[in-house]
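First up is the structure itself, then whatever we jot down about it.
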Amino acid sequence: MVLSISALFIQSEVERLKGEALFRAASQVGIIRARLEGEINANLAVLKALKAEVIINPEMGQYRLDELMEALLSEELHIRHVALAPDLTVKYVYPLAGNEKAIGLNYTANKDQVRSVLDAIQLNNTVLSGPLQLVQGGEALIARLPVYLGNQIDSPLWGIISAVLDYQKLLEAAGLSEKHYGLLLGIRGKDGSGSNGAFFYGSEQAFGKEAVMTNISLPHGEWQLAVLPENGWSVSTKRIYILWASAFFLAIIMGAAGYFLRLVYQQKVQAVTIANYRANFDALTGLPNRFYFSQRLKSLLKEVRRERLDFAIFFIDIDHFKQVNDSLGHSAGDELLIEFALRLQHSARDSDIVARLGGDEFVIVLRNVQDVIQADLLAEKLQSSIQQPFNIGEHPFSVTASIGIAMYPVDGEDVTSLLLHSDQAMYTAKRAGRNSHFFFNEGMREEAEQHLQVHNDILRGLNADEFELHYQPILNIRTNQIEKCEALIRWMHPDKGWVMPDAFIPIAERTGAIVSIGNWVLQQACKDMRVLLDADIDVKISVNRSVSEFHSEKAYETWKNIFKANGVDSHRFIFEITESLFMDQNSARVNVISSLRDIGVQFAIDDFGTGYSAINYLRTYPVDYLKIDKSFIQDLLIDEQDKTLVEVIIKMGRALGILVIAEGVEEPGQLEVLQQFGCDYIQGYWLSKPQPLSHTVSICHEHMNKQSAL
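Numbering of the sequence shown is given in this note's numbering, commencing with residue 687 and proceeding in unit increments.
Below, the structure written as structure tokens:
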């Protein structure tokens, strides 16, 4: 019996140690991939900047090339030299010294280089070749980027920009070594050929049977990175001997408790497994998270379109869940969420999809639901199951839920519309008194009327001067000066008191009242700018702009006239926009942005990192500031992944010449890390909460006086 219990204990512990080692290796691989991709993109950004210059000045010469490269290159980049080849023949090289023989090289006549040159031209994208041996010695990567003089499909080809990247320095900057923290590390996929490509770095043994692997994205193609311990994921003999001794001793002492210990360690092994899948599953309930649910729903949509089947999506929100946390504590709230998730799973069939979207929001996709009658019966059954008491902290506890139902394909044919419509139906159920279910098409007329009421209330409030701007200072870390303030709207409603923006801005965007709000905000910000200047406060004001405000080119004339009527310099204003504005190639939006930049208005991308975050759009439509979303700053001191992402964003901004503002800074430790990374500005409660204009003036004066006293 003692030997059996010891064997079980050892087996569980070995599996747990293997799982922990795998998890740590996966984390290291993710960090290496992010750093290496960041280093590659930072270097290739120089080629894109050079391409933009060539399009503007196709006849640029050696002197202009030298001047540009000296401005673009820094010690953190790893470009050995750059060649310009108009008509595919090298004409200019930087640095020229030592590379004179390259002048006159015709790529089409060079069998070693013509293939990658033609690939870059055909793809109209950067092609990264290598690593390969250079004639002058050493290994390097060669990046080639075609240049077309225009934006049309049939635009003439100017030529090729080539750059030689110092392969070894690039890897060193990303923190790579052949034995990384005791792990064998290897990279394959020469010339961006991925898992089928040739091995070129580290140890080929790293691609063993149990290797942890990931793909490193290149502009075209990918590399494959793998790590593996020299002796596999086995546990050392010494460690096993120690475990045997400990297990034998514990088995003698505990006896009958051995089986219970085995169960405990099995749970730990399962926890490690869940951690490995946390990218797709909710850590608390074990249900698919929003990302994985969207992927599964996309797959289901393809299936039902082929088979012409219908289904229903139930959007479920626990009623008054905040009161559970406030009265019983967050641990009880977590316990309720776990039990609630289990009850939903028991109510669903194996073919259905149950997921947690976040907080107390859940969703169920019920397959083969033919009509609203069947969906209504299933919703009644689910409501009845939910209303049964939960045992929380050894006490019965009852909750209810509001359910919104959308039917496929009547209420939507894609993931976004189905989630949106079921969400809207759920909020209709909330407003109807909770503990009920509503279909999307049910009550929409009442919702439209309510939105219209809020719309009219907003317009009345604007005329009645019920709105006010509060300001939050933005600090330049390097100079320790307050250089900007973000304007944030507040509504003093005569019946509701202070109303925050999230309560009325979404409705205003849907009804069109956002245009009137936006014009009022800019008008008031101009007036407040006069007050700040009269108080000897030299700052810029940052105002938020909605995507819908850019639909018409008349917006530019309206905003220009507001600047002029108030006698303020448009150079003192920054418009904060979301990344989605750049994703739509609407000509009116592009013209408005271009016209505003012409009169000196700067642009900042708000909440950067939570949306598309595409470097290509930053390059095509230059912005002046990136505002890192506060969700990344909150866990900066405890989450290595968030820390790495923040570092990459700051480095990318620096490579593109874009200043970076970190939002949500609340702790001195966060400030210290941001200073180390070279962040430009901070904003958050560590400096000041949003305050009325009079308080903002006092805060700025106090800060100025402190700086003068230093």
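The beta-carbon is built from N, C-alpha and C at its ideal position, and this holds for glycine as well.
Look at residue 775 here: in three-state DSSP terms it is strand.
Within the same chain, Cβ atoms closer than 8 Å to the Cβ of residue 1082 are found at 1075 and 1076, the five residues on either side in sequence being excluded.
Residue 1048 counts as buried, since at least 16 other C-beta atoms from the protein chains shown sit within 10 angstroms of its C-beta. Under the DSSP assignment, residue 794 falls outside any beta strand (DSSP E); it carries neither an H nor an E label. Residue 1386: not part of any beta strand (DSSP E); member of the alpha helix (DSSP H) spanning 1379-1395, first to last residue.
Following the DSSP letters along the chain, one finds residue 1376 in no alpha helix (DSSP H), marked with neither H nor E. Collapsing the DSSP output to three states places residue 1237 in coil.
When the alpha-carbon of residue 1070 is set against those of 757, 1313, 1078 and 1030, the nearest one is in 1030.
Remark: fewer than three beta-carbon pairs, one from each stretch, lie closer than 8 Å, so the stretch 732-746 and the stretch 813-821 are not flagged as touching. Around the beta-carbon of residue 850, 16 or more other beta-carbon atoms lie within 10 Å, marking it buried.
By the CB criterion at 8 Å, residue 1140 and residue 1193 fall inside the cutoff.
For the stretch 710-772, the full-length alpha helix (DSSP H) segments reaching 4 residues or more read 748-758 along the chain.
Around the C-beta of residue 1170, 16 or more other C-beta atoms lie within 10 Å, and the residue is accordingly described as buried.
By the criterion of a C-beta distance shorter than 6 Å, residue 1293 is surrounded in its chain by 1315, once the five residues flanking it on both sides are discounted.
Cβ atoms of residue 1261 and residue 1231 come within 8 Å of each other, at about 5 Å. Nearest in C-alpha terms to residue 1286, of all of 1227, 1162, 1238 and 952, is 1227. Note on residue 1378: under 16 other CB atoms within 10 angstroms of its CB, so exposed under the neighbour-count rule. For a cut-off of 8 Å, the C-beta gap from residue 1116 to residue 1088 is around 5 Å, short enough to register as a contact.
When C-beta atoms of the stretch 1372-1387 are compared with those of the stretch 1157-1167, three or more pairs fall below 8 Å, so the two segments count as touching. Boundaries of the alpha helix (DSSP H) harbouring residue 1101: 1101-1117, taken from the DSSP string. DSSP places residue 1244 within a helical segment (H, G or I) once states are collapsed to three. When the beta-carbon positions are compared, residue 848 and residue 826 stay at least 8 Å from each other. Here the C-alpha atom of residue 782 lies approximately 21 Å from the C-alpha atom of residue 796. For residue 1205, the uninterrupted alpha helix (DSSP H) segment begins and ends at 1200-1220.
DSSP places residue 1354 inside the alpha helix (DSSP H), whose first and last residues are 1354-1363. Three or more beta-carbon pairs separated by less than 8 Å are not found between the stretch 1058-1067 and the stretch 981-996, which leaves the two stretches without contact. For the options 1336, 1329 and 1381, the alpha carbon positioned closest to that of residue 1356 is the one of 1329.
If you check the CB distance, residue 1208 and residue 1263 do not come in under 8 Å. Where residue 1232 is concerned, there is no enclosing alpha helix (DSSP H), because DSSP gives it neither an H nor an E. A direct Cα-Cα distance of roughly 12 Å separates residue 1114 from residue 1106. Closest in C-alpha terms to residue 817, from the list 861, 873 and 860, comes 873.
Secondary structure at residue 900: strand, using DSSP grouped into helix, strand and coil. The three-state reading of DSSP puts residue 1315 in coil, since its state is none of H, G, I, E or B.
Residue 1290 and residue 1340 have their C-alpha atoms some 15 Å from each other.
Bounds of any beta strand (DSSP E) do not take in residue 1341; it lies within the alpha helix (DSSP H) bounded by 1326-1342. A distance below 6 Å between beta-carbons, with the five flanking residues on each side excluded, links residue 968 to the following residues of its chain, in chain order: 975 and 1042.
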